[in-house]
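In this note's numbering, the protein residues as written are 12 to 473. Glycine residues also receive a C-beta, built at the ideal position from the N, C-alpha and C atoms. Here the structure is a predicted model, which is why all the values come from computation and not from measurement.
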Amino acid sequence: MRILILGAGRVGESVAESLVSEQNDITVIDPDPIRLRELEEKFDLRGVAGNGIQPSVMRRAGADEADMFIACAALDETNLTACKVAHEVFNVATTIARVRSPEFLEGDALLGKSGFAVDHVICPEESVMHYIHLLIDYPEALQVLEFSQGRAHLIAVRASAQGQLVNHTISEFKALFPSATMRVVAIYRQDAELHVEPGTRVLPGDEVFVLADKDKIRHVLGAIHNFDQPVRRVMIAGGGKVGLRLARSLVGQCQVKIIDLNLKRCEYLASELPSEVLVLEGDATDEGLLTGENVGDMDLFIALTGDDEDNILSAMLAKRLGVRRVISLINRRIYAEMMQGSTIDIALSPSQTIIGELLTHIRRGDVAAVHSLRRGAAEAIEGVARGDARTSRLVGRRIEQIDLPKGARIGGVVRDTSGACELLMPYHDLTIQAGDHVIIYLPDKRMLRAVEKLFQVSATFF
């Protein structure tokens, strides 16, 4: 697929890195030629220097032959205008814009074909906030991913010796936990993936990926990790757009304190937030400030400043001072990989939260969702089975008859029965029906092309 990316910043680089690794033909447009040379040296892509909203620059970048245009420059106005030019002048089939301001997201008329001609919108700040909410709702989880509009969840959890299912084999789970609709799709032990079989025993310290019905998630987490107390007290370091949105959204659910170094920003936060949110001016890496504000009594500390080093240091300090759980926003992927699972419980990469949204739009076949696991090493894909036994590789076939790449596993099947969606476990004799949402775990993202073909309908399969 030929894809043009506008913007070589952090988001643009992350998008380019992910798409290049899947053997797409990528061209990045940015005004900074030095930045483009850096990307060309790191990745197999082409850089075009210039103003990305100018048709002449787009033409040099190959917009005439592009299949997709992704605008992720710093300014909303630039991204929206560029999408309009890509659609109107070059007839690019799919346009995606990074949009930060909620004002542009109100109503479809502004973004539709008669407006800025944006097919899909990505908002990293909104994605980060939504993801943090999931981690607050499920404090035992390392990762929480939603499928079938939230009907099914894929969760990663660290096995604890106190967990009801720990030190038991997977084949024993049903007898020990009969009420749960769940399936273990992957286990990592000391960072190495195990071959999951009925006789595989879950041990303390294992990182376990489980697909389960939304209504059973809390029970499943408790059975593997043991229940954590609900999050009631939260301290946020950083009063930027994400910090402000998160603090506002937590009012009524949690007691919230928010720290920012800038006095004027603190005054703005105080004017925008309800009086029950305590706004503090200061440095979140200052041990005296954190101690004075009783950070050790917090259930959760979230570092959301614009500086990776400050986020890492403040989160590590908060953990040392007694906070039960800490989350750190880390833009540089190498930092996030180093810190995840160390003193910092969750190292959250903002670009990683939007990669799944982007991947969903470039997948072949009837793909409904794609999520990145373990910082991009593995993926989970949700596709809709279409056609019939004659035209489909899925419909009319039992689970045991489906030809999956080695190591890939079907985690579950979501089926609409009389208007209510139900998560079905993929037992060997379950037959796939048209309209089923099939969720597949891939230990290696290079398997995606083969799995996508399963969801493609041909005029005649045989």
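Task: Residues near Ser159 by beta carbon distance below 7 Å, same chain, minus five either side - done: Within the sequence shown, the letter at position 148 stands for residue 159. Only Glu393, Val425, Cys432, His448 meet the Cβ criterion.
Open item on the list: Rounded to whole angstroms, what is the Cα-Cα separation between Val139 and Pro361?
Closed with: As a working mapping, residue 139 is identified with position 128 in the sequence shown. As a working mapping, residue 361 is identified with position 350 in the sequence shown. One C-alpha to the other measures close to 6 Å.
Open item on the list: Just verifying my parser: in three-state terms, what is the DSSP assignment at Val231?
Closed with: Mapped onto the sequence shown, residue 231 falls at position 220. Val231: helix per DSSP, three-state reduction.
- [ ] Pair every Cβ in the stretch 162-170 with every Cβ in the stretch 211-230, then say whether three or more of these pairs are closer than 8 Å.
- [x] yes
Task: Continuous beta strand (DSSP E) stretch holding Gly422: start and end - done: Taking the sequence shown and counting its residues from 1, the one referred to as residue 422 is at position 411. Here the beta strand (DSSP E) through Gly422 covers 420-428.
Task: Spatially closest choice to Val468 from Arg420, Gln240, Leu121, Thr402, by CA coordinates - done: Taking the sequence shown and counting its residues from 1, one reaches residue 468 at position 457. Comparing Cα positions, the closest option is Thr402.
TODO: Could you pull out every unbroken beta strand (DSSP E) segment of at least 3 residues lying fully inside the stretch 158-199, listed in chain order?
DONE: 163-169
Task: Residue closest to Ala223, alpha-carbon to alpha-carbon, out of Gly233, Arg397, Ile16 - done: As a first step, residue 223 must be located in the sequence shown, where it is residue number 212. Nearest of Gly233, Arg397, Ile16 to Ala223, Cα basis: Gly233.
Open item on the list: With the cut-off set at 9 Å, would you say Leu91 and Leu122 are in Cβ contact?
Closed with: Stepping through the sequence shown from its first residue, residue 91 is reached at position 80. Stepping through the sequence shown from its first residue, residue 122 is reached at position 111. A contact, by the Cβ cut-off of 9 Å.
Task: Distance CB(Ile366)-CB(Ile323) smaller than 9 Å - done: As a working note, residue 366 is residue 355 in the sequence shown. As a working note, residue 323 is residue 312 in the sequence shown. No, Cβ-Cβ distance for Ile366 and Ile323 is not below 9 Å.
- [ ] Give the range of the alpha helix (DSSP H) segment to which Gln266 is assigned.
- [x] Here residue 266 refers to the residue found at position 255 of the sequence shown. First-last for Gln266: 266-271, but that is the beta strand (DSSP E), not the alpha helix (DSSP H).
Task: Per-residue DSSP class, three states only, for Tyr452 - done: Indexing the sequence shown from 1 puts residue 452 at position 441. Of the three classes helix, strand and coil, the one that applies to Tyr452 here is strand, per DSSP.
Task: Which of helix, strand or coil DSSP assigns to Ala82 - done: What you label residue 82 is simply residue 71 of the sequence shown in a count that begins at 1. Correct three-state label for Ala82: strand.
Open item on the list: For Gln240, count the other beta carbons within 10 Å of its own beta carbon; 16 or more makes it buried, fewer makes it exposed. Which is it?
Closed with: In the sequence shown, the residue the question calls residue 240 occupies position 229. Gln240 should be labelled exposed.
TODO: Give the secondary structure of Thr471 by DSSP, where H, G and I count as helix, E and B as strand, and everything else as coil.
DONE: The residue labelled residue 471 in the question sits at position 460 within the sequence shown. Its pLDDT being 46, under 50, Thr471 is placed unreliably by the model, and the measurement read from it follows with that caveat. Three-state DSSP puts Thr471 in coil, outside helix and strand.
- [ ] Please name the residue or residues paired with Ile357 in a DSSP beta bridge.
- [x] Translated into the one-based positions of the sequence shown, residue 357 becomes position 346. The partner list for Ile357 (beta bridge, DSSP) reads Ile338.
Open item on the list: Which of the three DSSP states is assigned to Ile365 in this structure?
Closed with: To locate residue 365, count along the sequence shown from 1; it is residue 354. DSSP places Ile365 in helix when its eight states are reduced to three.
Task: Alpha-carbon spacing of Ile16 relative to Leu300, whole angstroms - done: The residue labelled residue 16 in the question sits at position 5 within the sequence shown. The residue labelled residue 300 in the question sits at position 289 within the sequence shown. Near 42 Å, if we compare the C-alpha coordinates of Leu300 and Ile16.
Open item on the list: Only counting the same chain, and skipping five residues up and downstream in sequence, which positions put a Cβ closer than 7 Å to that of Ala84?
Closed with: Here residue 84 refers to the residue found at position 73 of the sequence shown. Closer than 7 Å at the Cβ level, and outside the excluded window around Ala84, lie Leu17, Gly18, Gly63, Asn90.
- [ ] May I have a chain-ordered list of the alpha helix (DSSP H) segments no shorter than 4 residues that lie completely inside the stretch 42-81?
- [x] 44-53, 66-72
Open item on the list: Counting C-beta neighbours from all protein chains within 10 Å, is the total for Leu384 16 or more, i.e. buried, or is it exposed?
Closed with: Along the sequence shown, one-based indexing puts residue 384 at 373. Buried, since its Cβ has 16 or more Cβ neighbours within 10 Å.
Task: Cβ contact check for the stretch 134-153 and the stretch 188-200: 3 or more pairs under 8 Å - done: no
Task: Euclidean distance between Cα positions of Glu348 and Asp75 - done: The residue you call residue 348 lines up with position 337 of the sequence shown. The residue you call residue 75 lines up with position 64 of the sequence shown. Approximately 38 Å between the Cα atoms of the pair.
TODO: Taking only the alpha-carbon atoms, compute the straight-line gap between Gly423 and Val378 and give it to the nearest angstrom.
DONE: Here residue 423 refers to the residue found at position 412 of the sequence shown. Here residue 378 refers to the residue found at position 367 of the sequence shown. Distance between the alpha carbons of Gly423 and Val378: 15 Å.
TODO: Kindly say whether Glu304, judged by its beta-carbon, lies nearer than 9 Å to any beta-carbon of chain B.
DONE: The structure shown contains no chain B, having only a single protein chain.
Open item on the list: For Asp399, count the other beta carbons within 10 Å of its own beta carbon; 16 or more makes it buried, fewer makes it exposed. Which is it?
Closed with: Position 388 of the sequence shown, counting from 1, holds the residue named residue 399. So Asp399 ends up on the exposed side.
- [ ] Note down the Cα distance separating His164 from Ile228, rounded to an integer number of angstroms.
- [x] Taking the sequence shown and counting its residues from 1, the one referred to as residue 164 is at position 153. Taking the sequence shown and counting its residues from 1, the one referred to as residue 228 is at position 217. Taking the straight line from one Cα to the other gives about 7 Å.
TODO: Return the chain-ordered list of same chain residues with a C-beta closer than 8 Å to the C-beta of Leu359, the five sequence neighbours on each side being excluded.
DONE: On the sequence shown, residue 359 is found 348 positions in, with the first residue counted as 1. Around Leu359: Val139, Tyr142, Ile143, Ile338, Ser339, Leu340, Ile341, Ala347.
Open item on the list: Measuring straight from C-alpha to C-alpha, what distance separates Val462 and His206?
Closed with: Here residue 462 corresponds to residue number 451 of the sequence shown, with the count starting at 1. Here residue 206 corresponds to residue number 195 of the sequence shown, with the count starting at 1. Roughly 19 Å between the two C-alpha positions.
- [ ] Express the C-alpha separation of Gly303 and Val381 in angstroms, rounding to a whole number.
- [x] Taking the first residue of the sequence shown as position 1, residue 381 is located at position 370. Taking the first residue of the sequence shown as position 1, residue 303 is located at position 292. Their Cα atoms are separated by approximately 44 Å.
Task: Nearest-angstrom Cα separation, counted from Tyr452 out to Ile198 - done: As a position in the sequence shown, residue 198 is number 187, starting the count at 1. As a position in the sequence shown, residue 452 is number 441, starting the count at 1. Going by the C-alpha atoms only, they are around 12 Å apart.
Task: Inter-residue Cα distance where the pair is Ala104 and Lys95 - done: Your numbering for residue 104 matches position 93 in the sequence shown. Your numbering for residue 95 matches position 84 in the sequence shown. Each residue's Cα considered, the two are about 12 Å apart.
Open item on the list: Just to confirm the assignment: which complete beta strand (DSSP E) runs, minimum length 3, are found wholly within the stretch 200-224?
Closed with: 218-224
- [ ] From the DSSP output, in three-state form, read off Gly394 for me.
- [x] Along the sequence shown, read from residue 1 onward, the residue named residue 394 stands at position 383. Gly394: strand per DSSP, three-state reduction.
TODO: Compare the beta carbon distance of Val262 and Val288 with 9 Å and say whether it is the shorter of the two.
DONE: Taking the first residue of the sequence shown as 1, we reach residue 262 at position 251. Taking the first residue of the sequence shown as 1, we reach residue 288 at position 277. Going by C-beta atoms, Val262 is nearer than 9 Å to Val288.
Task: Cys432 (DSSP reduced to helix, strand or coil) - done: Here residue 432 refers to the residue found at position 421 when the sequence shown is read from its first residue. Cys432 falls in the strand class under three-state DSSP.
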